[in-house]
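S.K.: Numbering-wise, my numbering puts 194 at position 134 of the sequence shown, and it's gapless, one number per residue. The beta-carbon is built from N, C-alpha and C at its ideal position, and this holds for glycine as well. On a predicted model such as this, the values are computed, not experimentally measured, just so you know. Pasting in a structure now, in structure tokens, and then I'll have a few things to ask.
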Amino acid sequence: MLELTRRLLAAADGSGEPVVAASVLEPGPLALTPGARLLVEPGGTTLGTLGDAALDQLVADAAPGILERHGAQTLYVRPARDGLSVRAIEGATTLYVEVVEDRPVFLVVGAGHVGRAVATVASFLGFYVAVLDDREDFADAEKLPGADEVICEDFEAAIDRFPVNRNTHIVLVTRGHKQDELSLRRCLGRGAGYLGMIGSKRRTATVLQHLRDEGFDPAELDRIRTPIGLDIGAESPEEIAVAILGEVLLLRNGGTGAPMYHRPTSKGR
Numbered sequence: 061m062l063e064l065t066r067r068l069l070a071a072a073d074g075s076g077e078p079v080v081a082a083s084v085l086e087p088g089p090l091a092l093t094p095g096a097r098l099l100v101e102p103g104g105t106t107l108g109t110l111g112d113a114a115l116d117q118l119v120a121d122a123a124p125g126i127l128e129r130h131g132a133q134t135l136y137v138r139p140a141r142d143g144l145s146v147r148a149i150e151g152a153t154t155l156y157v158e159v160v161e162d163r164p165v166f167l168v169v170g171a172g173h174v175g176r177a178v179a180t181v182a183s184f185l186g187f188y189v190a191v192l193d194d195r196e197d198f199a200d201a202e203k204l205p206g207a208d209e210v211i212c213e214d215f216e217a218a219i220d221r222f223p224v225n226r227n228t229h230i231v232l233v234t235r236g237h238k239q240d241e242l243s244l245r246r247c248l249g250r251g252a253g254y255l256g257m258i259g260s261k262r263r264t265a266t267v268l269q270h271l272r273d274e275g276f277d278p279a280e281l282d283r284i285r286t287p288i289g290l291d292i293g294a295e296s297p298e299e300i301a302v303a304i305l306g307e308v309l310l311l312r313n314g315g316t317g318a319p320m321y322h323r324p325t326s327k328g329r
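Right, dumping it as structure tokens:
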């Protein structure tokens, strides 16, 4: 139990990798012990047990998808002819499964109008926000009240030193084509959970073609979200920020982007 607790603390404070944690809420027909815990590492190894080998394996099999979504969910499990089934039914064994990880990081490269709006919305959504610009009058903490960290430095040098992992989200919204492309080069291959660059289809296609011609990995280039954001008809910096954060959350949480609007079909039609 002590080892399990230490591993959870390391995941939560960022000193260790994220981990999937499952705990028993209701023992149900499997007669488990409430509070029993299982941890699943990103590589698939486990620590602890829920008290049932088949249930441990079910959670381990689901862990990669849960990690990808940074998610949390309640699972209702009951015995079935072919093993275990996951269904929301009364009396089922109930598990709570979540990803334990450090606060997600949002790096905004460029502190112009759009960058400031993105920083504000990202902060409101609970991200640790870092804003980078090479101009002192833009990299000003007073103009960026939502930022946890403001960096005034050369883009390339600062990005090289900035810690990046799957829990890092990077948005390139600098003042120009040249700065965006230079910054993008320093972000590629770093394993960021999200990497997006602002710009028109024509402009961003030119940048991507430059990188392809230079031999950058095509699969890595395909992960770049550009043009950036969801198509919501955004015009103002604030609207653009909402479009960008909407896309970040869509990918982070495994959403579909489909409208939530629904009306049941009328009887007789």
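Could you work out which residue in 297, 292, 311, 298 is closest to residue 283 when comparing CA atoms only?
M.R.: Stepping through the sequence shown from its first residue, residue 283 is reached at position 223. Closest by alpha carbon: 311.
S.K.: Report the rounded CA-to-CA distance for residue 171 versus residue 115, giving the unit in angstroms.
M.R.: Along the sequence shown, one-based indexing puts residue 171 at 111. Along the sequence shown, one-based indexing puts residue 115 at 55. Using only the alpha carbons, I get a separation of about 48 Å.
S.K.: Can you tell me which of 74, 110, 102, 76 puts its alpha carbon nearest to the alpha carbon of residue 91?
M.R.: Position 31 of the sequence shown, counting from 1, holds the residue named residue 91. Checked all of 74, 110, 102, 76; the closest Cα to residue 91 is 110.
S.K.: Is the beta carbon of residue 56 sitting closer than 8 Å to the one on residue 247?
M.R.: With the chain covering 61 to 329 only, the question about residue 56 has no answer from this structure.
S.K.: If you follow the beta strand (DSSP E) that residue 83 is part of, which residue opens it and which one closes it?
M.R.: In the sequence shown, the residue the question calls residue 83 occupies position 23. Per DSSP, residue 83 belongs to the beta strand (DSSP E) from 79-86.
S.K.: Answer with buried or exposed for residue 213, where buried requires no fewer than 16 other C-beta atoms within 10 angstroms of its C-beta.
M.R.: To locate residue 213, count along the sequence shown from 1; it is residue 153. Exposed is the call here.
S.K.: What separation, rounded to the nearest whole angstrom, lies between the Cα atoms of residue 198 and residue 124?
M.R.: The sequence position of residue 198 within the sequence shown is 138, counting from 1. The sequence position of residue 124 within the sequence shown is 64, counting from 1. The straight-line gap from Cα to Cα measures roughly 40 Å.
S.K.: Tell me the DSSP bridge mates of residue 157?
M.R.: Taking the first residue of the sequence shown as position 1, residue 157 is located at position 97. 82, 133.
S.K.: Quick check: the Cα distance between residue 308 and residue 274, rounded to an integer number of angstroms?
M.R.: What you label residue 308 is simply residue 248 of the sequence shown in a count that begins at 1. What you label residue 274 is simply residue 214 of the sequence shown in a count that begins at 1. Distance between the alpha carbons of residue 308 and residue 274 is about 28 Å.
S.K.: Looking at the secondary structure, which residues open and close the alpha helix (DSSP H) in which residue 174 lies?
M.R.: Your numbering for residue 174 matches position 114 in the sequence shown. Here the alpha helix (DSSP H) through residue 174 covers 173-184.
S.K.: Which whole-angstrom value is the C-beta distance of residue 83 and residue 156, which I expect to be below 8 Å?
M.R.: Taking the sequence shown and counting its residues from 1, the one referred to as residue 83 is at position 23. Taking the sequence shown and counting its residues from 1, the one referred to as residue 156 is at position 96. Residue 83 to residue 156, Cβ: 5 Å. Contact.
S.K.: Return the chain-ordered list of same chain residues with a C-beta closer than 6 Å to the C-beta of residue 148, the five sequence neighbours on each side being excluded.
M.R.: Numbered from its first residue, the sequence shown carries residue 148 at position 88. Unreliable placement is indicated for residue 148, whose pLDDT of 47 sits below 50; the coordinate value is still reported in the next sentence. Hits under 6 Å: 136.
S.K.: Among 152, 195, 69, 74, which one has its Cα closest to the Cα of residue 239?
M.R.: For this step, residue 239 is matched to residue 179 along the sequence shown. Minimum Cα distance to residue 239 is reached at 195.
S.K.: Kindly indicate which three-state DSSP category residue 224 falls into: helix, strand or coil?
M.R.: Indexing the sequence shown from 1 puts residue 224 at position 164. Three-state DSSP puts residue 224 in coil, outside helix and strand.
S.K.: Along the chain, where does the beta strand (DSSP E) containing residue 92 start, and where does it finish?
M.R.: Numbered from 1 along the sequence shown, position 32 holds the residue referred to as residue 92. From DSSP, residue 92 is part of no beta strand (DSSP E); its letter is neither H nor E.
S.K.: For residue 203, which residues of its own chain have a beta-carbon under 8 Å away from its beta-carbon, when the five flanking residues on both sides are left out?
M.R.: Looking up residue 203 in the sequence shown gives position 143. Only 171, 176 meet the Cβ criterion.
S.K.: Can you tell me whether DSSP reads residue 270 as helix, strand or coil?
M.R.: As a first step, residue 270 must be located in the sequence shown, where it is residue number 210. Residue state, collapsed to three classes: helix.
S.K.: Whole-angstrom Cβ separation of residue 181 and residue 227, contact assumed at under 8 Å?
M.R.: Locating residue 181 in the sequence shown gives position 121, counting from the first residue. Locating residue 227 in the sequence shown gives position 167, counting from the first residue. Not really, about 18 Å apart at Cβ, beyond 8 Å.
S.K.: Can you tell me whether residue 322 is buried or exposed, with buried defined as 16 or more other CB within 10 angstroms of its CB?
M.R.: Working through the sequence shown from its first residue, we reach residue 322 at position 262. Answer is exposed; the Cβ neighbour count stays below 16.
S.K.: Using CA coordinates, which residue listed in 87, 209, 306 is at the minimum distance from residue 289?
M.R.: As a first step, residue 289 is located in the sequence shown; it is residue number 229 there, counting from the start. Ranking the options by Cα distance to residue 289, first place goes to 306.
S.K.: With DSSP run on the structure shown, which of helix, strand or coil describes residue 76?
M.R.: Here residue 76 corresponds to residue number 16 of the sequence shown, with the count starting at 1. Residue 76: coil per DSSP, three-state reduction.
S.K.: Would you kindly check if the distance between the Cβ of residue 252 and the Cβ of residue 229 is under 8 Å?
M.R.: Your numbering for residue 229 matches position 169 in the sequence shown. Your numbering for residue 252 matches position 192 in the sequence shown. Their beta carbons are under 8 Å apart, which means residue 229 touches residue 252 by this criterion.
S.K.: Opposite residue 229 in the DSSP bridges: which residues?
M.R.: For this step, residue 229 is matched to residue 169 along the sequence shown. Partner(s): 166, 254.
S.K.: When you compare only the Cα positions, how much space is there between residue 78 and residue 167?
M.R.: In the sequence shown, the residue the question calls residue 78 occupies position 18. In the sequence shown, the residue the question calls residue 167 occupies position 107. Between residue 78 and residue 167, the C-alpha separation is close to 19 Å.
S.K.: Please identify the residue among 244, 131, 225 whose C-alpha is closest to the C-alpha of residue 74.
M.R.: Taking the sequence shown and counting its residues from 1, the one referred to as residue 74 is at position 14. When each option's Cα is compared against that of residue 74, the closest is 225.
S.K.: Who does residue 209 pair with in a DSSP beta bridge?
M.R.: Along the sequence shown, read from residue 1 onward, the residue named residue 209 stands at position 149. According to DSSP, which records beta bridges pairwise, residue 209 is partnered with 190.
S.K.: Indicate the three-state DSSP secondary structure (helix, strand or coil) for residue 323 in the structure shown.
M.R.: Walking along the sequence shown from the start, residue 323 turns up at place 263. Three-state DSSP puts residue 323 in coil, outside helix and strand.
S.K.: Per DSSP, what kind of secondary structure is residue 333 in: helix, strand or coil?
M.R.: What is shown of the chain runs 61 to 329, which leaves residue 333 out entirely.
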